[in-house]
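So the structure is just underneath, and the comments pick up after that.
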Amino acid sequence: MPPGMSEAMAREKAKVLTERAAKENATRAPAGTAKAASGRETLSAYVERWCTVRKARGIVTAEEASGILAKWLDPHVLEKPLAEVTRDDLEAFVETLDGAVLEERITWKTAVNVWGLVAKLFRDACSSKVRALRVRDTNPAHGVPGPERGVKKAKTYLFPAEFLTLVSCEGISLAWRRSIALAIFLYIRASELRALRWEDIDLDRWVIHVHRGQDREGQASTTKSETARRFSVEPHARPLLEALHEESGGRGEVIAIPDDRHLARSLRALLKKAKVERPDLFVRDRTRKNLTWHDLRATAATWLAIRGENPLTIMQRLGHTEFRTTQIYIREAEAVRDGFGEVFPLLPDALLGSGVSSRKRPRVVQVCEKIVEAPGIEPGSARPTVHLRSRA
(Lines of atoms letter the chains of each structure in order from A; the text may use other names.)
(Lines give C-alpha, C1' and ligand atoms only; values in the text may rest on other atoms or scores of the structure.)
Protein backbone atom coordinates (compact mmCIF):
# COMPACT_ATOMS: atom_id res chain seq x y z
CA MET A 31 0.00 0.00 0.00
CA PRO A 32 1.13 3.63 -0.39
CA PRO A 33 3.86 4.76 2.06
CA GLY A 34 2.59 6.07 5.40
CA MET A 35 -0.88 4.66 4.86
CA SER A 36 -2.39 2.02 7.14
CA GLU A 37 -4.72 -0.74 5.93
CA ALA A 38 -7.70 1.13 7.41
CA MET A 39 -6.67 4.37 5.69
CA ALA A 40 -6.20 2.54 2.39
CA ARG A 41 -9.70 1.04 2.61
CA GLU A 42 -11.21 4.44 3.39
CA LYS A 43 -9.39 6.02 0.45
CA ALA A 44 -10.51 3.15 -1.78
CA LYS A 45 -14.11 3.76 -0.70
CA VAL A 46 -13.87 7.45 -1.56
CA LEU A 47 -12.25 6.73 -4.91
CA THR A 48 -14.77 4.10 -5.92
CA GLU A 49 -17.70 6.37 -5.00
CA ARG A 50 -16.11 9.19 -6.99
CA ALA A 51 -15.54 6.86 -9.94
CA ALA A 52 -19.17 5.73 -9.81
CA LYS A 53 -20.36 9.37 -9.95
CA GLU A 54 -18.00 10.14 -12.83
CA ASN A 55 -19.24 7.08 -14.69
CA ALA A 56 -22.81 8.23 -14.22
CA THR A 57 -22.02 11.67 -15.69
CA ARG A 58 -20.28 10.02 -18.65
CA ALA A 59 -23.26 7.78 -19.42
CA PRO A 60 -24.30 9.73 -22.54
CA ALA A 61 -20.86 9.03 -24.06
CA GLY A 62 -21.89 5.38 -24.17
CA THR A 63 -19.38 3.56 -21.96
CA ALA A 64 -20.34 4.07 -18.35
CA LYS A 65 -23.84 2.63 -18.45
CA ALA A 66 -25.76 0.35 -20.72
CA ALA A 67 -29.11 1.34 -22.19
CA SER A 68 -30.78 -0.11 -19.11
CA GLY A 69 -28.99 2.51 -16.99
CA ARG A 70 -26.98 -0.05 -15.08
CA GLU A 71 -23.18 -0.05 -14.75
CA THR A 72 -21.42 -1.88 -17.56
CA LEU A 73 -18.62 -4.37 -17.07
CA SER A 74 -16.27 -1.85 -18.72
CA ALA A 75 -17.15 0.84 -16.18
CA TYR A 76 -16.83 -1.63 -13.32
CA VAL A 77 -13.35 -2.64 -14.53
CA GLU A 78 -12.29 1.01 -14.25
CA ARG A 79 -13.64 1.28 -10.71
CA TRP A 80 -12.12 -2.04 -9.69
CA CYS A 81 -8.68 -1.08 -11.01
CA THR A 82 -8.90 2.32 -9.30
CA VAL A 83 -9.53 0.66 -5.94
CA ARG A 84 -6.74 -1.86 -6.44
CA LYS A 85 -4.31 0.92 -7.33
CA ALA A 86 -5.30 2.86 -4.19
CA ARG A 87 -4.57 -0.23 -2.12
CA GLY A 88 -1.06 -0.42 -3.59
CA ILE A 89 -1.50 -3.59 -5.67
CA VAL A 90 1.45 -3.78 -8.07
CA THR A 91 -0.46 -5.11 -11.09
CA ALA A 92 -3.41 -2.71 -10.84
CA GLU A 93 -2.05 -0.39 -13.54
CA GLU A 94 -1.77 -3.20 -16.10
CA ALA A 95 -5.05 -4.96 -15.29
CA SER A 96 -7.31 -2.50 -17.11
CA GLY A 97 -5.40 -2.86 -20.38
CA ILE A 98 -5.25 -6.65 -20.10
CA LEU A 99 -9.00 -6.95 -19.56
CA ALA A 100 -9.79 -4.48 -22.34
CA LYS A 101 -7.58 -6.48 -24.71
CA TRP A 102 -9.01 -9.93 -24.04
CA LEU A 103 -12.64 -9.52 -22.98
CA ASP A 104 -15.18 -9.46 -25.80
CA PRO A 105 -16.23 -5.82 -26.52
CA HIS A 106 -19.89 -6.87 -26.48
CA VAL A 107 -19.46 -8.41 -23.03
CA LEU A 108 -17.63 -5.31 -21.79
CA GLU A 109 -20.64 -3.17 -22.73
CA LYS A 110 -23.16 -5.47 -21.03
CA PRO A 111 -24.44 -4.46 -17.60
CA LEU A 112 -22.24 -6.22 -15.08
CA ALA A 113 -25.30 -7.80 -13.46
CA GLU A 114 -26.18 -9.47 -16.79
CA VAL A 115 -22.80 -11.13 -17.48
CA THR A 116 -23.44 -14.89 -17.47
CA ARG A 117 -21.50 -18.09 -17.00
CA ASP A 118 -21.91 -18.69 -20.73
CA ASP A 119 -20.14 -15.38 -21.46
CA LEU A 120 -17.20 -16.43 -19.33
CA GLU A 121 -17.02 -19.94 -20.76
CA ALA A 122 -16.84 -18.34 -24.23
CA PHE A 123 -14.05 -16.11 -22.91
CA VAL A 124 -12.06 -19.15 -21.77
CA GLU A 125 -12.53 -20.68 -25.23
CA THR A 126 -11.09 -17.49 -26.72
CA LEU A 127 -8.03 -17.78 -24.50
CA ASP A 128 -7.57 -21.46 -25.41
CA GLY A 129 -7.81 -20.51 -29.09
CA ALA A 130 -5.15 -17.81 -28.67
CA VAL A 131 -2.84 -20.38 -27.09
CA LEU A 132 -3.37 -22.86 -29.94
CA GLU A 133 -2.62 -20.10 -32.46
CA GLU A 134 0.54 -19.29 -30.45
CA ARG A 135 -0.53 -15.69 -29.91
CA ILE A 136 -0.06 -16.13 -26.16
CA THR A 137 1.39 -18.80 -23.88
CA TRP A 138 -0.81 -21.04 -21.78
CA LYS A 139 0.61 -19.42 -18.67
CA THR A 140 -0.47 -15.97 -19.86
CA ALA A 141 -3.95 -17.36 -20.56
CA VAL A 142 -4.13 -18.78 -17.03
CA ASN A 143 -3.03 -15.44 -15.56
CA VAL A 144 -5.60 -13.47 -17.58
CA TRP A 145 -8.36 -15.84 -16.51
CA GLY A 146 -7.23 -15.51 -12.90
CA LEU A 147 -7.63 -11.75 -13.16
CA VAL A 148 -11.18 -12.07 -14.54
CA ALA A 149 -12.13 -14.62 -11.88
CA LYS A 150 -10.81 -12.30 -9.18
CA LEU A 151 -12.85 -9.39 -10.57
CA PHE A 152 -16.09 -11.37 -10.37
CA ARG A 153 -15.28 -12.67 -6.88
CA ASP A 154 -14.84 -9.07 -5.77
CA ALA A 155 -18.10 -8.12 -7.47
CA CYS A 156 -19.77 -10.51 -5.02
CA SER A 157 -17.66 -10.38 -1.87
CA SER A 158 -15.05 -7.61 -1.95
CA LYS A 159 -13.87 -6.13 1.36
CA VAL A 160 -14.65 -2.76 -0.23
CA ARG A 161 -18.44 -2.74 0.02
CA ALA A 162 -18.85 -0.28 -2.84
CA LEU A 163 -17.46 -2.98 -5.17
CA ARG A 164 -20.10 -5.55 -4.18
CA VAL A 165 -22.67 -5.29 -6.96
CA ARG A 166 -23.73 -8.91 -7.58
CA ASP A 167 -25.27 -11.68 -5.51
CA THR A 168 -23.91 -14.53 -7.64
CA ASN A 169 -20.51 -15.17 -9.19
CA PRO A 170 -20.76 -16.33 -12.85
CA ALA A 171 -17.08 -17.34 -12.82
CA HIS A 172 -17.58 -19.85 -10.01
CA GLY A 173 -17.01 -23.38 -11.27
CA VAL A 174 -15.97 -22.30 -14.78
CA PRO A 175 -12.95 -24.42 -15.85
CA GLY A 176 -9.99 -22.21 -16.67
CA PRO A 177 -7.75 -22.39 -19.76
CA GLU A 178 -5.89 -25.58 -20.59
CA ARG A 179 -2.44 -25.85 -19.08
CA GLY A 180 0.43 -26.85 -21.31
CA VAL A 181 4.04 -27.94 -20.95
CA LYS A 182 5.99 -26.06 -18.32
CA LYS A 183 8.90 -24.31 -19.98
CA ALA A 184 12.45 -24.67 -18.74
CA LYS A 185 13.76 -21.95 -16.42
CA THR A 186 16.12 -19.42 -17.99
CA TYR A 187 19.06 -17.90 -16.16
CA LEU A 188 22.60 -16.65 -16.65
CA PHE A 189 25.73 -18.61 -15.81
CA PRO A 190 28.31 -16.64 -13.79
CA ALA A 191 30.72 -16.45 -16.76
CA GLU A 192 27.94 -15.00 -18.93
CA PHE A 193 27.08 -12.48 -16.24
CA LEU A 194 30.71 -11.34 -15.97
CA THR A 195 30.96 -10.99 -19.72
CA LEU A 196 27.81 -8.86 -19.77
CA VAL A 197 28.73 -6.49 -16.92
CA SER A 198 32.30 -6.14 -18.21
CA CYS A 199 31.32 -5.06 -21.72
CA GLU A 200 32.51 -1.48 -22.16
CA GLY A 201 30.11 -1.00 -25.07
CA ILE A 202 27.20 -1.14 -22.62
CA SER A 203 26.38 1.88 -20.47
CA LEU A 204 27.46 1.80 -16.84
CA ALA A 205 23.88 2.39 -15.69
CA TRP A 206 22.66 -0.76 -17.45
CA ARG A 207 25.51 -2.91 -16.13
CA ARG A 208 25.02 -1.69 -12.56
CA SER A 209 21.24 -2.25 -12.73
CA ILE A 210 21.75 -5.82 -13.94
CA ALA A 211 24.31 -6.53 -11.21
CA LEU A 212 22.02 -5.21 -8.45
CA ALA A 213 18.99 -7.09 -9.79
CA ILE A 214 20.90 -10.36 -9.36
CA PHE A 215 22.98 -9.65 -6.26
CA LEU A 216 20.00 -8.25 -4.31
CA TYR A 217 17.56 -10.92 -5.63
CA ILE A 218 14.88 -8.30 -6.29
CA ARG A 219 12.11 -7.67 -8.81
CA ALA A 220 12.19 -4.67 -11.16
CA SER A 221 9.42 -2.98 -9.14
CA GLU A 222 11.42 -3.46 -5.94
CA LEU A 223 14.61 -2.12 -7.52
CA ARG A 224 12.74 1.00 -8.68
CA ALA A 225 11.46 1.56 -5.14
CA LEU A 226 14.77 0.91 -3.37
CA ARG A 227 15.96 3.96 -1.39
CA TRP A 228 19.12 4.50 0.61
CA GLU A 229 17.09 4.47 3.82
CA ASP A 230 16.35 0.80 3.04
CA ILE A 231 20.03 -0.23 3.22
CA ASP A 232 21.96 -0.26 6.49
CA LEU A 233 25.53 0.31 5.29
CA ASP A 234 26.96 -0.26 8.78
CA ARG A 235 25.44 -3.73 9.23
CA TRP A 236 24.96 -4.48 5.50
CA VAL A 237 21.30 -5.38 5.90
CA ILE A 238 18.74 -4.52 3.20
CA HIS A 239 15.02 -4.07 3.81
CA VAL A 240 12.85 -4.87 0.76
CA HIS A 241 9.36 -3.73 1.66
CA ARG A 242 7.80 -1.90 -1.27
CA GLY A 243 7.51 -1.76 -5.03
CA GLN A 244 7.05 1.00 -7.58
CA ASP A 245 5.42 0.82 -10.99
CA ARG A 246 6.74 2.48 -14.14
CA GLU A 247 4.61 5.55 -13.46
CA GLY A 248 6.20 6.05 -10.04
CA GLN A 249 3.19 4.80 -8.08
CA ALA A 250 4.27 3.16 -4.81
CA SER A 251 2.97 -0.26 -3.80
CA THR A 252 3.72 -3.24 -1.63
CA THR A 253 5.98 -6.04 -2.84
CA LYS A 254 4.30 -8.54 -5.16
CA SER A 255 3.86 -11.06 -2.33
CA GLU A 256 2.81 -8.23 0.04
CA THR A 257 5.56 -9.43 2.39
CA ALA A 258 8.52 -7.34 3.55
CA ARG A 259 11.87 -9.07 4.00
CA ARG A 260 15.31 -8.29 5.42
CA PHE A 261 18.57 -10.07 4.63
CA SER A 262 22.32 -9.54 4.52
CA VAL A 263 23.79 -7.97 1.39
CA GLU A 264 26.06 -10.23 -0.70
CA PRO A 265 29.71 -9.34 0.14
CA HIS A 266 30.66 -8.70 -3.49
CA ALA A 267 27.72 -6.31 -3.96
CA ARG A 268 28.88 -4.02 -1.15
CA PRO A 269 31.61 -2.09 -3.05
CA LEU A 270 29.11 -1.28 -5.80
CA LEU A 271 26.57 -0.02 -3.26
CA GLU A 272 29.30 2.07 -1.61
CA ALA A 273 30.16 3.61 -4.98
CA LEU A 274 26.54 4.42 -5.72
CA HIS A 275 26.06 5.83 -2.21
CA GLU A 276 29.06 8.11 -2.59
CA GLU A 277 27.96 9.32 -6.02
CA SER A 278 24.39 10.09 -4.89
CA GLY A 279 25.28 11.47 -1.48
CA GLY A 280 23.11 8.78 0.06
CA ARG A 281 19.87 10.52 -0.97
CA GLY A 282 16.89 9.29 -2.96
CA GLU A 283 16.78 6.16 -5.11
CA VAL A 284 19.65 3.70 -5.19
CA ILE A 285 19.63 3.42 -8.99
CA ALA A 286 17.45 4.35 -11.97
CA ILE A 287 16.92 1.57 -14.53
CA PRO A 288 17.51 2.84 -18.09
CA ASP A 289 14.63 2.37 -20.55
CA ASP A 290 12.31 0.95 -17.93
CA ARG A 291 9.50 0.20 -20.40
CA HIS A 292 11.40 -2.32 -22.51
CA LEU A 293 13.36 -4.31 -19.97
CA ALA A 294 13.20 -7.78 -21.52
CA ARG A 295 13.90 -6.58 -25.05
CA SER A 296 16.73 -4.33 -23.87
CA LEU A 297 18.33 -7.09 -21.79
CA ARG A 298 18.47 -9.48 -24.74
CA ALA A 299 19.91 -6.74 -26.95
CA LEU A 300 22.60 -6.06 -24.35
CA LEU A 301 23.49 -9.75 -24.20
CA LYS A 302 24.00 -9.83 -27.96
CA LYS A 303 26.10 -6.67 -27.78
CA ALA A 304 28.32 -8.39 -25.20
CA LYS A 305 28.43 -11.47 -27.49
CA VAL A 306 26.66 -13.69 -24.96
CA GLU A 307 24.78 -15.77 -27.51
CA ARG A 308 23.73 -19.06 -25.90
CA PRO A 309 20.57 -20.07 -27.83
CA ASP A 310 18.50 -20.85 -24.72
CA LEU A 311 18.64 -17.15 -23.79
CA PHE A 312 16.91 -16.06 -27.00
CA VAL A 313 14.70 -18.93 -28.21
CA ARG A 314 10.98 -18.91 -27.48
CA ASP A 315 9.11 -22.08 -28.35
CA ARG A 316 6.86 -24.71 -26.80
CA THR A 317 9.42 -25.88 -24.23
CA ARG A 318 11.73 -22.86 -23.88
CA LYS A 319 11.33 -19.19 -23.00
CA ASN A 320 13.71 -16.40 -23.84
CA LEU A 321 15.43 -14.45 -21.09
CA THR A 322 13.46 -11.59 -19.51
CA TRP A 323 14.39 -9.09 -16.83
CA HIS A 324 12.51 -11.17 -14.27
CA ASP A 325 14.88 -14.04 -15.06
CA LEU A 326 17.68 -12.07 -13.41
CA ARG A 327 15.81 -12.86 -10.20
CA ALA A 328 15.58 -16.50 -11.32
CA THR A 329 19.34 -16.32 -11.86
CA ALA A 330 19.80 -15.18 -8.26
CA ALA A 331 17.58 -17.98 -6.94
CA THR A 332 19.48 -20.58 -8.97
CA TRP A 333 22.82 -19.22 -7.79
CA LEU A 334 21.72 -19.38 -4.14
CA ALA A 335 20.69 -23.01 -4.64
CA ILE A 336 23.98 -23.79 -6.42
CA ARG A 337 25.85 -22.36 -3.43
CA GLY A 338 23.96 -24.76 -1.18
CA GLU A 339 21.97 -22.22 0.84
CA ASN A 340 19.33 -23.57 3.19
CA PRO A 341 16.02 -23.82 1.25
CA LEU A 342 14.22 -21.73 3.86
CA THR A 343 16.92 -19.06 3.51
CA ILE A 344 16.35 -18.95 -0.26
CA MET A 345 12.60 -18.75 0.27
CA GLN A 346 12.95 -15.84 2.70
CA ARG A 347 15.45 -13.85 0.64
CA LEU A 348 13.38 -14.17 -2.53
CA GLY A 349 10.11 -13.53 -0.72
CA HIS A 350 8.45 -16.70 -2.02
CA THR A 351 5.07 -17.36 -0.44
CA GLU A 352 5.06 -21.06 -1.36
CA PHE A 353 7.93 -23.50 -0.81
CA ARG A 354 7.17 -25.32 -4.05
CA THR A 355 8.36 -22.21 -5.91
CA THR A 356 11.71 -22.42 -4.14
CA GLN A 357 11.95 -26.13 -4.92
CA ILE A 358 12.04 -25.37 -8.66
CA TYR A 359 15.43 -23.68 -8.28
CA ILE A 360 16.77 -26.32 -5.90
CA ARG A 361 16.02 -29.10 -8.39
CA GLU A 362 17.60 -27.12 -11.22
CA ALA A 363 20.74 -26.53 -9.15
CA GLU A 364 21.06 -30.23 -8.37
CA ALA A 365 21.01 -31.00 -12.10
CA VAL A 366 23.58 -28.43 -13.27
CA ARG A 367 25.89 -27.82 -10.28
CA ASP A 368 28.98 -29.50 -11.76
CA GLY A 369 30.97 -26.99 -13.79
CA PHE A 370 28.49 -24.19 -13.14
CA GLY A 371 31.10 -21.65 -12.05
CA GLU A 372 31.55 -19.38 -9.03
CA VAL A 373 28.23 -17.75 -8.14
CA PHE A 374 27.94 -14.13 -6.99
CA PRO A 375 31.49 -13.49 -8.22
CA LEU A 376 33.70 -10.49 -7.53
CA LEU A 377 32.41 -7.59 -9.63
CA PRO A 378 34.71 -5.95 -12.20
CA ASP A 379 36.40 -2.74 -11.03
CA ALA A 380 34.84 -0.91 -13.98
CA LEU A 381 31.40 -1.13 -12.30
CA LEU A 382 32.62 0.95 -9.38
CA GLY A 383 33.48 3.99 -11.47
CA SER A 384 35.26 6.61 -9.40
CA GLY A 385 33.06 6.12 -6.36
CA VAL A 386 35.04 3.45 -4.51
CA SER A 387 38.62 2.37 -4.87
CA SER A 388 39.56 -1.27 -5.15
CA ARG A 389 41.03 -1.03 -1.63
CA LYS A 390 37.47 -0.95 -0.28
CA ARG A 391 36.57 -4.33 -1.70
CA PRO A 392 35.64 -7.04 0.84
CA ARG A 393 38.67 -9.05 1.95
CA VAL A 394 38.60 -12.81 1.39
CA VAL A 395 41.01 -15.66 1.90
CA GLN A 396 43.78 -15.48 -0.69
CA VAL A 397 43.62 -18.32 -3.19
CA CYS A 398 45.22 -16.88 -6.29
CA GLU A 399 45.20 -13.87 -8.56
CA LYS A 400 44.16 -14.54 -12.10
CA ILE A 401 42.28 -13.27 -15.09
CA VAL A 402 39.07 -15.10 -15.91
CA GLU A 403 38.24 -15.11 -19.60
CA ALA A 404 34.50 -15.37 -20.02
CA PRO A 405 32.95 -16.91 -23.13
CA GLY A 406 31.84 -14.40 -25.76
CA ILE A 407 34.72 -11.94 -25.30
CA GLU A 408 36.57 -11.29 -28.54
CA PRO A 409 40.40 -11.48 -28.51
CA GLY A 410 41.86 -8.13 -27.59
CA SER A 411 38.66 -6.78 -26.03
CA ALA A 412 38.14 -5.98 -22.35
CA ARG A 413 38.12 -9.00 -20.06
CA PRO A 414 36.75 -9.09 -16.53
CA THR A 415 39.61 -9.12 -14.02
CA VAL A 416 38.96 -11.04 -10.84
CA HIS A 417 41.30 -10.25 -7.95
CA LEU A 418 41.11 -12.35 -4.78
CA ARG A 419 42.79 -10.48 -1.96
CA SER A 420 44.18 -11.77 1.30
CA ARG A 421 42.43 -11.29 4.61
CA ALA A 422 44.15 -8.69 6.78
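For the sequence shown, my numbering assigns the number 422 to the last residue and increments by one with no breaks.
Note that CB positions come from ideal geometry on N, CA and C, so glycine has one too.
Keep in mind that this is a model prediction, so the values were computed, not measured.
- Taking 8 Å as the upper bound for CB-CB distance, A330 and I214 are in contact here, some 5 Å apart.
- For H106, the closest of K305, T253, H266 and F123 by C-alpha to C-alpha distance is F123.
- A contact is defined here as three or more CB-CB pairs under 8 Å, and the segment 240-251 fails this definition with respect to the segment 263-281.
- In this structure, A328 sits away from K110, with a CB-CB distance that is not shorter than 8 Å.
- As the crow flies, the alpha-carbon of R259 is around 27 Å from that of T82.
- Between the alpha carbons of H292 and P190 lies a gap of roughly 24 Å.
- In the displayed model, I238 falls within a strand according to three-state DSSP.
- DSSP places F261 in the uninterrupted beta strand (DSSP E) bounded by R259 to S262.
- Residue state for G248 is assigned as coil, using DSSP reduced to three classes.
- Residue state for D128 is assigned as helix, using DSSP reduced to three classes.
- Under the three-state reduction of DSSP output, I231 falls in the strand class.
- In terms of CA proximity to A162, R79 leads the group R79, T317 and Y217.
- The straight-line gap separating the alpha-carbon atoms of Q346 and S255 is approximately 11 Å.
- Our two residues, S198 and V263, have alpha carbons roughly 21 Å apart in a direct line.
- Relative to the Cα of F193, the nearest Cα in the group T343, L311, L342 and P175 belongs to L311.
- For the set T322, E71 and R246, the Cα lying nearest the Cα of L108 is the one of E71.
- Excluding its 5 nearest sequence neighbours in each direction, A155 has C-beta neighbours in its own chain below 6 Å: V165 and R166, listed in chain order.
- The beta carbon of I358 is closer than 6 Å to none in its chain, skipping five residues each way along the sequence.
- Going by DSSP, W138 is part of the alpha helix (DSSP H) stretching over W138 to S157.
- Counting C-beta atoms within 10 angstroms of its own C-beta, D325 has 16 or more neighbours from the protein chains shown and is therefore classed as buried.
- Non-local C-beta neighbours of L297 in its own chain, meaning closer than 6 Å and more than five positions away in sequence, comprise W323, ordered along the chain.
- Each of L233, A286, H266 and R281 was checked against the Cα of E247, and the nearest Cα belongs to A286.
- Distance check between E125 and each of H266, W102 and L147 places W102 closest, using alpha-carbon atoms only.
- For R337, the CB contacts under 6 Å within the same chain, skipping 5 residues up- and downstream, are V373 in chain order.
- The three-state reading of DSSP puts P111 in strand, counting E and B together.
- When E93, S74 and L132 are compared, the shortest CA-CA separation from D104 is found for S74.
- If you look at F353, you'll find it in the alpha helix (DSSP H) that goes F353 to V366.
- Three or more beta-carbon pairs drawn from the segment 171-181 and the segment 130-150 are found closer than 8 Å, and the two stretches are therefore classed as touching.
- Counting along the chain, the unbroken alpha helix (DSSP H) around F193 starts and ends at P190 to V197.
- According to the DSSP secondary-structure assignment, A220 is paired through a beta bridge with no residue.
- Looking at the backbone, the Cα of W228 and that of D315 are separated by about 41 Å.
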